[in-house]
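Residue numbers (the working numbering): 238 to 549.
What follows is the structure in structure tokens.
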């Protein structure tokens, strides 16, 4: 039986590299494509001697044609620190990059999974967020290059499915954390862990009562693969933890687990701060039989140990 050939764009990133790990372990022939604008070669260095792994340095904004059975399109910076550095490039990656991957999938008759984001819901007026909610976004704001870009990418995926018959999937990914998070990506887990390990003050907007959910990376990879391999799953599917955690509680947990001497400092709430975010994962539970299982304290402990080793 022929090995399944899998293309992972953005495979050098935090989530992409963990997906490559799992697919290689499962015996797939994996082609990792990354421009390394925000990813890191170190994330996949341990895979380079594997016979079923290939690394190609390439920007998906430029066309590429690879003979594969599956396409996981994860190419796009997901951290504001990275995607706001070059907003035009971020839009191009979301639009032109997605078109190029859809063309590749159409040519090979491959199945494509688009890594979308919870940010398509914007400042959600619905809680928890269901896939049927259309979102509330500012199309000219600083985040629009990423958030609106992801919305357009979803549109392209559905249009290629409806017009060209491409077999597609859309994963709306909520906050994910775990080892290999970039130390300087500006996301809340990375920022709090770095501050805690340096015993520096941890700054919290407002009173810290705003909530987020945090899904451990291994659980997320499991959900993404399940979605890819599930038949008749064309409509978007939320993937994330349904357990809300206040930002203040997150900071306290990180301080306690790391044994930090950091103090918590409250600062004014910025404009457009999202107060609550939580996915409704009913569709994932029913369609995929998937729900996250990793305890937040256990997962944060692994992140802290990973950050300690890389800081050294």
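Just so you know, even glycine gets a beta-carbon here, dropped at the ideal spot from N, CA and C.
Next item on the list: Starting from the C-beta of residue 285, find all residues in its chain whose C-beta is less than 8 Å away, skip the five residues before and the five after it, and write them out in chain order.
Entry: Start at 1 with the first residue of the chain shown, and residue 285 comes out as number 48. Result list for residue 285: 292, in chain order.
Note to self: By the DSSP assignment, the alpha helix (DSSP H) with residue 463 in it spans what residues?
What the structure shows: For the purposes of this step, residue 463 is taken as residue 226 along the chain shown, with counting starting at 1. Looking at the DSSP string, the run of the alpha helix (DSSP H) that includes residue 463 is 454-465.
Next item on the list: Look at the Cβ atom of residue 373, then the Cβ atom of residue 362, and state whether they are nearer than 9 Å.
Entry: Residue mapping note: residue 373 aligns to position 136 of the chain shown, counting from 1. Residue mapping note: residue 362 aligns to position 125 of the chain shown, counting from 1. It is a contact, given that the beta carbons lie within the stated cut-off.
Notebook entry, point to check: If you compare alpha carbons, which of 251, 411, 296 and 324 is closest to residue 365?
Noted result: Your numbering for residue 365 matches position 128 in the chain shown. Residue 365 has its Cα closest to that of 411, out of 251, 411, 296 and 324.
Notebook entry, point to check: Roughly how far, in whole angstroms, is the beta-carbon of residue 388 from the beta-carbon of residue 357, given that I think they are within contact range, below 8 Å?
Noted result: Here residue 388 refers to the residue found at position 151 when the chain shown is read from its first residue. Here residue 357 refers to the residue found at position 120 when the chain shown is read from its first residue. Rounded, the Cβ-Cβ distance is 5 Å, consistent with contact.
Next item on the list: Look at residue 520 and residue 474 and say whether their C-beta atoms are less than 9 Å apart.
Entry: Counting from 1 along the chain shown, the entry for residue 520 is found at position 283. Counting from 1 along the chain shown, the entry for residue 474 is found at position 237. Yes, they are a contact pair.
Next item on the list: Please determine, among 409, 328, 482 and 349, the residue with the shortest C-alpha to C-alpha distance to residue 369.
Entry: In the chain shown, the residue the question calls residue 369 occupies position 132. The shortest C-alpha separation from residue 369 is found at 409.
Notebook entry, point to check: Is the stretch 411-430 touching the stretch 538-546 in the sense that three or more CB pairs, one from each, lie closer than 8 Å?
Noted result: yes
Item checked: Short Cβ contact (9 Å threshold) for residue 393 with residue 335 -> Translated into the one-based positions of the chain shown, residue 393 becomes position 156. Translated into the one-based positions of the chain shown, residue 335 becomes position 98. Going by C-beta atoms, residue 393 is nearer than 9 Å to residue 335.
Check: What's the gap between the Cα of residue 309 and the Cα of residue 403?
Finding: In the chain shown, residue 309 corresponds to position 72, counting from 1. In the chain shown, residue 403 corresponds to position 166, counting from 1. Each residue's Cα considered, the two are about 14 Å apart.
Next item on the list: Would you kindly check if the distance between the Cβ of residue 303 and the Cβ of residue 244 is under 9 Å?
Entry: Reading the chain shown from its first residue, position 7 is the one you call residue 244. Reading the chain shown from its first residue, position 66 is the one you call residue 303. Going by C-beta atoms, residue 244 is nearer than 9 Å to residue 303.
Checklist line | 7 Å CB neighbourhood of residue 437 in its chain, flanking five on each side removed | finding: In the chain shown, the residue the question calls residue 437 occupies position 200. Closer than 7 Å at the Cβ level, and outside the excluded window around residue 437, lie 499.
Item checked: Contact under 9 Å by Cβ, residue 306 with residue 345 -> To locate residue 306, count along the chain shown from 1; it is residue 69. To locate residue 345, count along the chain shown from 1; it is residue 108. Closer than 9 Å, so yes.
Check: Which residues in the same chain as residue 251 place their Cβ atom closer than 6 Å to its Cβ, once the five residues preceding and following it in sequence are excluded?
Finding: To locate residue 251, count along the chain shown from 1; it is residue 14. Around residue 251: 417 and 418.
Notebook entry, point to check: In its own chain, which residues sit with a C-beta less than 8 Å from the C-beta of residue 495, not counting the 5 before and 5 after it?
Noted result: Position 258 of the chain shown, counted from the first residue, corresponds to residue 495. Cβ neighbours of residue 495 beyond the five flanking positions: 430, 433, 434 and 541.
Check: Thinking C-beta only, is residue 253 closer than 9 Å to residue 280?
Finding: Translated into positions along the chain shown, residue 280 becomes position 43. Translated into positions along the chain shown, residue 253 becomes position 16. Yes, the Cβ-Cβ distance between residue 280 and residue 253 is below 9 Å.
Margin query: On the criterion of 16 or more Cβ atoms from any shown chain inside 10 Å, does residue 493 qualify as buried, or is it exposed?
Written below: On the chain shown, position 256 is the one that residue 493 refers to. Residue 493 comes out exposed.
Checklist line | Inside the stretch 336-406 only - beta strand (DSSP E) runs reaching at least 3 residues | finding: 348-354
Checklist line | Span of the alpha helix (DSSP H) around residue 271 | finding: Here residue 271 refers to the residue found at position 34 when the chain shown is read from its first residue. Note, residue 271: premise wrong, no alpha helix (DSSP H); beta strand (DSSP E) at 266-271.
Item checked: Cβ-based burial, residue 337 [other Cβ within 10 Å; buried from 16] -> Against the chain shown, residue 337 aligns to sequence position 100. Residue 337 should be labelled buried.
Notebook entry, point to check: Looking at C-alpha atoms only, which residue of 427, 391 and 489 is the closest neighbour of residue 548?
Noted result: For the purposes of this step, residue 548 is identified with residue 311 of the chain shown, where counting begins at 1. Among 427, 391 and 489, the Cα nearest to that of residue 548 is on 427.
Next item on the list: Answer with buried or exposed for residue 391, where buried requires no fewer than 16 other C-beta atoms within 10 angstroms of its C-beta.
Entry: Against the chain shown, residue 391 aligns to sequence position 154. Buried, since its Cβ has 16 or more Cβ neighbours within 10 Å.
Next item on the list: Could you tell me which residues DSSP puts in a beta bridge with residue 481?
Entry: If you number the chain shown from 1, residue 481 lands on position 244. Partner(s): 450.
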